[in-house]
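Be aware that the sequence shown starts at 808, since it is given in our numbering, and climbs by one per residue. From the three backbone atoms N, C-alpha and C, an ideal C-beta is built for every residue, glycine too. What you are looking at is a predicted structure, and each value in this text was computed from that prediction instead of being measured. Structure first, commentary second.
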Amino acid sequence: MRDIDLYQDYGRPQLNEDLTAIWDNTKRFALKEIAPFINEWDEAEAFPRPLHQKAASAGLLGIAYPQALGGSPASHRMRSVMSLALCRYAKSGGLLSSLLTHNIALPPLLHHGSDFLKQTIIPAVLSGEKIAALAITEPNGGSDVAHLKTHAYLDGNDWVISGEKVFITSGYRADYLTVAVRTGEAPYTKDGSQMTKGARGISLIVIPTDLPGIERTLLKKMGWWCSDTAHIRFDQVRVPSQYVVGEVGTGFKMIMSNFNAERLSMSAAAIGFALACYDEALAWSSQRQTFGKNLIEHQVILHKLMDMQMRIQSSLGMLWRVCDQIDYSPFTDHQPDPQWVAHVCLLKNHCTQTMQFCADQGVQILGGMGFMRGTACERIYREVKVMMIGGGAEEIMKELAAKQSF
Ligand SMILES: Cc1cc2nc3c(=O)[nH]c(=O)nc-3n(C[C@H](O)[C@H](O)[C@H](O)COP(=O)(O)OP(=O)(O)OC[C@H]3O[C@@H](n4cnc5c(N)ncnc54)[C@H](O)[C@@H]3O)c2cc1C
């Protein structure tokens, strides 16, 4: 599929110029700085930290953040174009998730954080100097955010935090963790007698990872090999109260609104990965010969490619519709229409199913080669399940969409 088919909007020539610039810039970066090394990084289960600074210099980290904090304002569509191009040409979910974890860690600070938090953390992360991660999920469960157990009490001017987080992307390397903790209600006693259950009483606190009492362990995974995914333990970690994001006890709302931009971005990424599988399958079937002709000349194979295209096109159509339903930037603090939230949930499910279908068909078309490490289809086949679980599992997306719809 030609690049131009993917993001053209014939009604808005000015916007097209911006989109083309973002697409070309991201594609150039992915092909030069990531694609030649990605197999090596995946096998090493790490990518070089200076890539963050390179990506920042290319304008990829700051997209959709205010200029004053080192970013460049952008719409949902612009940001989606960047995700699409990055995933199509870098072909690695591990790389994407780790390089861009700040996009789930920083928005609560941007909207609700004090000047101290914004100025200390956001510019340093957008410049690629520091790494930020978001820590919500716990060993006892991730879907049911309202029941998290990591807790904090107030001691003088410090919050003292204990508990565990699991499956945290960039959690091993992060300099700052935006952590969901149960603070309960005033007077925030040490014995936890005021610990409110459920969504009330959850706060977001930024934890600088150089504080004593933090233990981090790397986890082994089915996919996303080059990203660091951590189990993190907090044992009486003392964090000054200026690191609380917004009002104490309002964390649950922030977490929920943060999910919308994450799910939209994962949807665009899933289409990018579906395209990477399509590209590889098309190239392979155009030169691989069986029974005296190119694979693509067998009608069954051609139809597989058309089935992939059909799903990619419908996902793109849905993506642009959802992007254009909302004309503010992804990182503005706006209470979205419930119907839009429902559309984002269904979009995530549709796009990740497209990715799953294309990875499966891609491996099949490549045959034995599709089972070999180093092909995009093989990697993406291993990476698809996390896209259907992380950021809200498929079942949760349907529940939420239904709740917002009726
Ligand atoms: C590689 C990776 C990276 C991640 N990165 C981060 C990160 O950076 N930060 C972070 O906070 N979290 C992260 N996560 C965690 C992720 O968001 C959670 O795994 C996800 O929310 C699901 O939570 P869980 O794994 O605890 O599954 P559970 O909540 O235990 O659910 C298990 C399964 O049960 C089903 N299920 C759950 N509830 C329902 C229901 N009500 N109805 C029907 N079915 C249901 C779903 O199929 C679900 O997959 C990451 C996970 C992975 C694998």
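Review point. Looking only at its own chain, which residues have a Cβ that is under 6 Å from the Cβ of F836, when we skip the five neighbours before and after it?
Key: Only A865 meet the Cβ criterion.
Review point. Cβ-heavy atom distance between I1012 and ligand 1 below 7 Å?
Key: Checking the Cβ of I1012 against ligand 1 gives no.
Check your understanding: With respect to 7 Å, is the separation between the Cβ of F974 and the closest non-hydrogen atom of ligand 3 below this value?
Key -> With respect to ligand 3, the structure shown offers nothing to examine, as its ligands consist of ligand 1.
Point to revise | Burial state of Q1106 (16 or more Cβ within 10 Å) | key: exposed
Point to revise | Cβ-heavy atom distance, V1193 to ligand 1, below 7 Å | key: yes
Exercise for review: Compute the distance between the beta-carbons of G948 and A862, then report whether it is under 8 Å.
Suggested key: no
Point to revise | Best match in F923, A881, Q926 and V932 for proximity to S905 [C-alpha to C-alpha] | key: Across the set F923, A881, Q926 and V932, the C-alpha of V932 shows the shortest separation from the C-alpha of S905.
Exercise for review: Note down, one range per segment and in chain order, each alpha helix (DSSP H) of at least 4 residues found wholly within the segment 816-898.
Suggested key: 820-836, 845-851, 857-864 and 883-897
Review point. How close, in whole Å, do the beta carbons of I928 and V1044 come, if the pair is a contact with beta carbons under 8 Å?
Key: With 8 Å as the limit, I928 and V1044 do not qualify as a contact, their Cβ atoms being about 17 Å apart.
Exercise for review: Starting from A1006, trace the alpha helix (DSSP H) both ways and give me its first and last residue.
Suggested key: A1006 -> no alpha helix (DSSP H), and no H or E assigned at all.
Exercise for review: Would you decide whether M885 is buried or exposed? Buried here means 16 or more other CB atoms lie within 10 Å of its CB.
Suggested key: Per the 10 Å Cβ criterion, buried.
Point to revise | Distance, S890 Cα to W830 Cα | key: 9 Å
Practice item. Let me know the secondary structure DSSP gives Q1132 once reduced to three states. Key: coil
Check your understanding: Where Y1188 and K898 are concerned, what is the direct C-alpha to C-alpha distance, given to the nearest angstrom?
Key -> 11 Å
Exercise for review: Measure the CB-CB distance between K972 and A939 and report whether it falls below 8 Å.
Suggested key: Cβ atoms of K972 and A939: not closer than 8 Å.
**Study point:** Beta-carbon gap between R809 and G1079 smaller than 8 Å
**Key:** no
Review point. With 16 as the cutoff for other CB atoms within 10 Å, does M1029 come out buried or exposed?
Key: So M1029 counts as exposed.
Point to revise | Selection from H1038, A1083, L1126 and G978 that minimises the alpha carbon distance to L1071 | key: L1126
Review point. Can the beta-carbon of V1148 be found closer than 8 Å to that of W1031?
Key: no
Point to revise | F923 - DSSP class collapsed to helix/strand/coil | key: helix
Check your understanding: Should D849 go down as buried or exposed, given a rule of 16 or more other Cβ atoms within 10 Å for buried?
Key -> By the neighbour-count rule (16 or more Cβ atoms within 10 Å), D849 is buried.
Check your understanding: Between which two residues does the alpha helix (DSSP H) carrying A1081 extend?
Key -> G1058 to Q1094
Exercise for review: Could you tell me which uninterrupted alpha helix (DSSP H) segments, each at least 4 residues in length, are contained entirely in the segment 899-964, listed from first to last along the chain?
Suggested key: Those alpha helix (DSSP H) runs which fall completely within the segment 899-964 and span 4+ residues are 900-906, 909-912, 914-919 and 922-933.
**Study point:** Any non-hydrogen atom of ligand 1 closer than 7 Å to A942 Cβ
**Key:** yes
Practice item. Have a look at Y817 and P1019 and give me their C-alpha separation to the nearest angstrom. Key: Only weak support is given to the placement of Y817: the predicted model assigns it a pLDDT of 48, under 50, and the question is left unresolved by the model.
Check your understanding: Are A987 and G1058 close, meaning C-beta to C-beta below 8 Å?
Key -> Contact: yes.
Check your understanding: Just to confirm, does T1016 get its C-beta within under 7 Å of one of the non-hydrogen atoms of ligand 1?
Key -> no
Practice item. Quick one: using the 10 Å Cβ neighbour count with 16 as the cut-off for buried, is R856 buried or exposed? Key: R856 should be labelled exposed.
**Study point:** Per DSSP, the bridge partner or partners of W966
**Key:** L961 and V1046
**Study point:** DSSP state of H1150 mapped onto helix, strand, coil
**Key:** helix
Review point. In angstroms, rounded to a whole number, what distance separates the CA positions of Q1142 and C1165?
Key: 34 Å
Review point. CB V1055 to CB T990, shorter than 8 Å?
Key: yes
Check your understanding: What's the C-alpha gap between P1047 and L903?
Key -> 32 Å
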